[in-house]
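In what follows, a structure is listed as structure tokens, so that the remarks can point back to it.
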Amino acid sequence: MTRNRVDAESTAAANTAADNFLADEHNLQEEKRKMVASAFGKDQSGGSATCLTVEDLKYLYMV
Numbered sequence: 001m002t003r004n005r006v007d008a009e010s011t012a013a014a015n016t017a018a019d020n021f022l023a024d025e026h027n028l029q030e031e032k033r034k035m036v037a038s039a040f041g042k043d044q045s046g047g048s049a050t051c052l053t054v055e056d057l058k059y060l061y062m063v
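See below:
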């Protein structure tokens, strides 16, 4: 059985609730990416964020 690639794209009219939601969702996902990259020492922005240590992870996961 062959599988065909399907590309889907969503659209929203400008200045609508849907448009605002999609923009907020995109911004949230970008912030999550930055936070995770920073936590694992891959912060490319030159920010002052540091890597999580083993102790930090133990504290976060209550180990």
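Heads up: the sequence shown begins at 1 in UniProt numbering, then just goes up one per residue. C-beta atoms are modelled at their ideal positions from N, C-alpha and C, and glycine is treated no differently.
{"query": "Closest by C-alpha distance to Met35, when choosing among Asp24, Val63, Asn15, Leu52", "result": "Leu52"}
{"query": "Whole-angstrom distance between Asp7 and Leu22, CA atom to CA atom", "result": "18 angstroms"}
{"query": "Residue nearest to Thr11 in terms of C-alpha spacing, selected from Asn4, Asp19, Arg5", "result": "Asp19"}
{"query": "Tyr59 - containing alpha helix (DSSP H), residue span", "result": "54 to 60"}
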